[in-house]
């Protein structure tokens, strides 16, 4: 290691440029990026006077012919040990006459990125690539981020680095000193301090795909469920209609689970909406069975007096009744298609006004049958109003998530974790986040 003065530390400036974001695979939590990595330092042994050598002030040489830092990045998922350990490999180094050395290489990195699925698909992710020396601690080696020009903030990502699924919001760098226990130090309980430089890739998901192919079809199915309360009981397909929609929602829920990590830490927003939608449609199915059962009660069931009051309150849901006074007998009537005894429910008749209560015993059974049918109609109307209000509230909630995501997730300003002149002393207010 080129340290020419006793007690001095070799300072390495580390930089990385994001060329292209290839993929962020959520189920495996693997980030794939194309980057340019560069290290800069001074080697006092490689200096010369350009005037003595035809004004040549720099030249290029293979990296293996000079000393270069043994850098690694912690989040590496490379199967090849050499790719994960020494990133420069067969790259070239440019040496200047004052001893400055620039060593750079282009590489495709595959690194681990922990995914936070709580806000999926309106989420932002942070993926870190952390560099450090494998063997050299801060006693004689210091790895820092590249110094920026005064008054200018360097951007470490190309404008075209984003892909079709993710937008790159930033690629800042941070440096710090961390304790690490390696080998015998780990067994003895002692730790050493190693300098690190982390590059944080900040991504924002382009959620249009999830909205068009997952959210909107699911929302459409929940609103189609509303029509089950309008369908006549005689059609005989109400339960099959709701069950078909319920199975379709199950398929969409499986699509969501296949595109997110299998994590027990949080449930994504889209998954919560699908679960609520399935619960609403299941509730609609139960309501349909209740109203269907009441509507098809035959002449063998007499209606209790408390249900008669429900019939009279049908006006509150848009089903008013007509009252007639004949011979001091109150008769309630409404427009229905009556069924005769032993008749199939699907058979249709001409509309007629059938009394719901009368003093004629011979027509008592047919009137009770029509009372049950009208009670089923009232229940359908009540269930329709309840389902409409609940589904409207859930739809507004999921649609507002897209507009609220900008304010709900804010990146905290990160403070430097150590001061370069006092590198051994850690900053207690360090807010470096991995």
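Residue numbers (the UniProt record's numbering): 1 to 434. The beta-carbon is built from N, C-alpha and C at its ideal position, and this holds for glycine as well.
query	result
Cα-Cα separation, residue 20 to residue 117	23 Å
Beta strand (DSSP E) segment containing residue 218, residue limits	That residue, residue 218, is in no beta strand (DSSP E); its alpha helix (DSSP H) goes 216-224.
Exposed unless 16 or more other CB atoms sit within 10 angstroms - verdict on residue 195	buried
For residue 393, three-class secondary structure by DSSP	helix
Secondary structure of residue 126, DSSP reduced to three states	strand
Contact under 7 Å by Cβ, residue 170 with residue 205	no
Helix, strand or coil at residue 336 [DSSP, three-state]	Here the model assigns residue 336 a pLDDT of 45, short of 50, so the residue's position is not dependable and the matter cannot be decided.
Secondary structure of residue 376, DSSP reduced to three states	helix
Touch test, the stretch 277-295 against the stretch 378-389, Cβ-Cβ under 8 Å, three pairs minimum	yes
CB contact flag (residue 1, residue 10, <7 Å)	yes
Residues near residue 100 in its chain [Cβ-Cβ closer than 6 Å; skip 5 each side]	42
Under the three-state DSSP convention, the category residue 68 falls into	coil
Coil, strand or helix - residue 239 by DSSP	helix
The stretch 388-396 in contact with the stretch 210-229 per 3-pair CB rule at 8 Å	yes
Residues of its chain near residue 144, where Cβ-Cβ distance is below 8 Å and the 5 sequence neighbours each way are ignored	11, 12, 13, 14, 175, 195, 197 and 420
Residue closest to residue 161, alpha-carbon to alpha-carbon, out of 124, 35 and 218	35
Backbone secondary structure at residue 16 - three-state DSSP	strand
Range covered by the beta strand (DSSP E) that runs through residue 287	Careful: residue 287 lies outside any beta strand (DSSP E), inside the alpha helix (DSSP H) at 269-295.
Inter-residue Cα distance where the pair is residue 339 and residue 232	Confidence in residue 339 is poor, its pLDDT being 47 and thus under 50, which makes the residue's placement unreliable; the coordinate value appears in the next sentence. Rounded to the nearest angstrom, the two C-alpha atoms are 14 Å apart.
Extent of the continuous beta strand (DSSP E) to which residue 175 belongs	173-180
With 16 other Cβ atoms within 10 Å as the buried cut-off, status of residue 285	buried
Sufficient close CB pairs (3 or more, under 8 Å) joining the stretch 266-283 to the stretch 125-135	no
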